[in-house]
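Notes to accompany the following structure.
Residue numbers (my numbering): 320 to 862.
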């Protein structure tokens, strides 16, 4: 970074580079990515030792305070001598700055970034920099400071209307030899203190009993406590703690939209004064069935498959359009199936059994209906959760659909939710959902938000005690009016959602939907079979 000139300061500077990197010193990747980092779409650095660049006037042109240097080692393909490897672009992405296209001269590249005269900075009432916005924000608030340690409160808040975390695991990297002495509201997955004994901490704190230390790892992994520890005076008693790692959307339950824990952090020389506090870096957070977060916005990497899928069916067609093959990924060994084949239409009862038990039913159905049977059958969807959207009826004044959730995993989902979005705003006609709680979110692409009612918001896991195995199920009917959506064509695709989310994860959608067949008898086999199975399941539970 070039020196800061005149009276302008660059607070929390961020530098964008479009290249592939092996290592870097003097800066950190903003999303916490480890090296080597594949960054074909670019990467942003933030300052490590010099997070803020002061002005020349304030520092009498002290280069150590007005400039920062990042030394990079990278690999660039298809570059033959005498061509010199260079990044595609470089720019300052700090708020309030404009950067022109960089100028390249042989082995150097530079860009002269200037303050944006049209940028209006938020008026700050304190000297602290305003907190950034994101889908999930993590706050590291130091509330008590001593010479060689401090108390800190870590807060995670969910700001995304459809995002959530289940059984979260949070990790970071200490950069100055710090260690966690005590913790309340959460726990580390490993209680480890050997790094302290044989490191700088052991040399300085010779009289400390390290067996009482919570964790000395450079990259600790922290998890939430279960609800029964909420009132524990030793490790609990922290507001918003102890929810078993669940962070819900704020409109679903405000009391469960944040998670908090506290730590006592000890420092090592030379940081033995009250002002020498260096927050950890390379933060990462993840859940069991959740979207990926990159400090801390939801991202969907192109190479990562989803973890849930959707099937479509309707009263006017006897066949079910199933989930896409390999919707949630496939093994490298696909010799026995075709991952690129179009999914075969299913008989309605096939939705109720695992994929490995569907083959005979699917092939027999195809022969009965004179469908094509490929030599190499399509691969499974491999999804832990599948959702069936079935159009129950379509009449002049309205229409209705039934949604059924299938849990093919052994993990139970408490406080689950699903969200539906339609291309032609069919959701504007949303009236009522009968067995779930339903909310219409007009400001979020006219989303219909569904969740279990109090006492029935638990989607149980797969039952291994039967053959074939029985998935956990939950079902409800959703009613719509056509008063606000005149001209809507349900059978032509308007009655099928274009995007479906389950517990914050966007699900794979079929490439087609059931077609109306003039010769098709309007026999709702899907409705009958699923209703009977669910009724039988509920009777078993109740009696």
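Glycine is no exception: its CB is placed at the ideal position from the N, C-alpha and C atoms.
If you drop the 5 nearest sequence neighbours on each side, which residues of the same chain put their C-beta closer than 6 angstroms to that of residue i?
{"i": "residue 384", "result": "373, 378"}
{"i": "residue 680", "result": "666, 669"}
{"i": "residue 828", "result": "629"}
{"i": "residue 261", "result": "There is no way to answer for residue 261, as the model of the chain reaches only from 320 to 862."}
{"i": "residue 754", "result": "795"}
State the Cα-Cα distance for the pair residue i and residue j, rounded to the nearest angstrom.
{"i": "residue 554", "j": "residue 475", "result": "18 angstroms"}
{"i": "residue 509", "j": "residue 500", "result": "13 angstroms"}
{"i": "residue 792", "j": "residue 772", "result": "14 angstroms"}
{"i": "residue 686", "j": "residue 643", "result": "21 angstroms"}
{"i": "residue 296", "j": "residue 625", "result": "Look at the range of the chain in this structure, 320 to 862, and you will see that residue 296 is not part of it."}
{"i": "residue 713", "j": "residue 654", "result": "43 angstroms"}
{"i": "residue 633", "j": "residue 709", "result": "5 angstroms"}
{"i": "residue 565", "j": "residue 731", "result": "13 angstroms"}
{"i": "residue 425", "j": "residue 495", "result": "38 angstroms"}
{"i": "residue 721", "j": "residue 747", "result": "17 angstroms"}
{"i": "residue 346", "j": "residue 388", "result": "8 angstroms"}
{"i": "residue 733", "j": "residue 784", "result": "22 angstroms"}
{"i": "residue 596", "j": "residue 439", "result": "31 angstroms"}
{"i": "residue 677", "j": "residue 662", "result": "12 angstroms"}
{"i": "residue 839", "j": "residue 833", "result": "At residue 839, the pLDDT of 46 sits below 50, so the modelled position is not reliable and the matter cannot be decided from this model."}
{"i": "residue 703", "j": "residue 728", "result": "5 angstroms"}
{"i": "residue 740", "j": "residue 826", "result": "12 angstroms"}
{"i": "residue 506", "j": "residue 400", "result": "53 angstroms"}
{"i": "residue 775", "j": "residue 750", "result": "21 angstroms"}
{"i": "residue 498", "j": "residue 594", "result": "17 angstroms"}
{"i": "residue 777", "j": "residue 735", "result": "7 angstroms"}
{"i": "residue 363", "j": "residue 340", "result": "12 angstroms"}
For residue i, which option in the options has the closest C-alpha, if you only look at C-alpha atoms?
{"i": "residue 404", "options": "427, 388, 726", "result": "427"}
{"i": "residue 584", "options": "811, 460, 810", "result": "460"}
{"i": "residue 543", "options": "574, 503, 514", "result": "503"}
{"i": "residue 724", "options": "628, 799, 597", "result": "628"}
{"i": "residue 432", "options": "820, 815, 439, 413", "result": "413"}
{"i": "residue 675", "options": "606, 786, 775", "result": "786"}
{"i": "residue 526", "options": "535, 516, 533", "result": "516"}
{"i": "residue 574", "options": "477, 810, 434", "result": "477"}
{"i": "residue 769", "options": "361, 568, 400, 813", "result": "568"}
{"i": "residue 537", "options": "493, 549, 436, 694", "result": "493"}
{"i": "residue 822", "options": "706, 797, 711, 754", "result": "706"}
{"i": "residue 761", "options": "775, 780, 738", "result": "738"}
{"i": "residue 698", "options": "684, 356, 649", "result": "649"}
{"i": "residue 549", "options": "562, 539, 511, 541", "result": "562"}
{"i": "residue 481", "options": "598, 645, 766", "result": "766"}
Going by DSSP in three states, residue i sits in which element: helix, strand or coil?
{"i": "residue 810", "result": "helix"}
{"i": "residue 627", "result": "strand"}
{"i": "residue 529", "result": "helix"}
{"i": "residue 411", "result": "strand"}
{"i": "residue 635", "result": "coil"}
{"i": "residue 489", "result": "strand"}
{"i": "residue 573", "result": "helix"}
{"i": "residue 546", "result": "helix"}
{"i": "residue 699", "result": "coil"}
{"i": "residue 264", "result": "In the structure as shown, the chain begins at 320 and stops at 862. Residue 264 is therefore absent and cannot be evaluated."}
{"i": "residue 827", "result": "strand"}
{"i": "residue 668", "result": "helix"}
{"i": "residue 775", "result": "coil"}
{"i": "residue 832", "result": "coil"}
{"i": "residue 746", "result": "helix"}
Grab the span of the alpha helix (DSSP H) containing residue i for me, first residue to last.
{"i": "residue 382", "result": "382–385"}
{"i": "residue 376", "result": "375–378"}
{"i": "residue 523", "result": "519–523"}
{"i": "residue 685", "result": "678–687"}
{"i": "residue 516", "result": "513–516"}
Excluding sequence positions up to five away, which residues of its chain have a Cβ less than 8 angstroms from the Cβ of residue i?
{"i": "residue 588", "result": "519, 523"}
{"i": "residue 430", "result": "409, 410, 411, 418, 419, 420, 421, 422"}
{"i": "residue 579", "result": "472, 473, 474, 475, 504, 557, 558, 559, 560"}
{"i": "residue 604", "result": "455, 457, 475, 484, 487, 488, 489, 490, 612, 615"}
{"i": "residue 353", "result": "601"}
{"i": "residue 390", "result": "343, 344, 345"}
{"i": "residue 415", "result": "434, 435, 438, 440"}
Can you tell me where the beta strand (DSSP E) holding residue i begins and where it ends?
{"i": "residue 509", "result": "Looking at the DSSP string, residue 509 is not in any beta strand (DSSP E), and its letter there is neither H nor E."}
{"i": "residue 723", "result": "717–726"}
{"i": "residue 751", "result": "749–752"}
{"i": "residue 500", "result": "498–503"}
{"i": "residue 818", "result": "818–821"}
{"i": "residue 792", "result": "791–800"}
{"i": "residue 709", "result": "704–713"}
Within the same chain, show all residues whose beta-carbon is closer than 7 angstroms to that of residue i, passing over the 5 residues directly before and after it, in chain order.
{"i": "residue 815", "result": "631, 708, 832"}
{"i": "residue 469", "result": "461, 463, 584, 596"}
How about residue i: is its Cβ closer than 7 angstroms to a heavy atom in the ligand ATP?
{"i": "residue 811", "result": "Among the components modelled here there is no ligand, and therefore nothing to report on the ligand ATP."}
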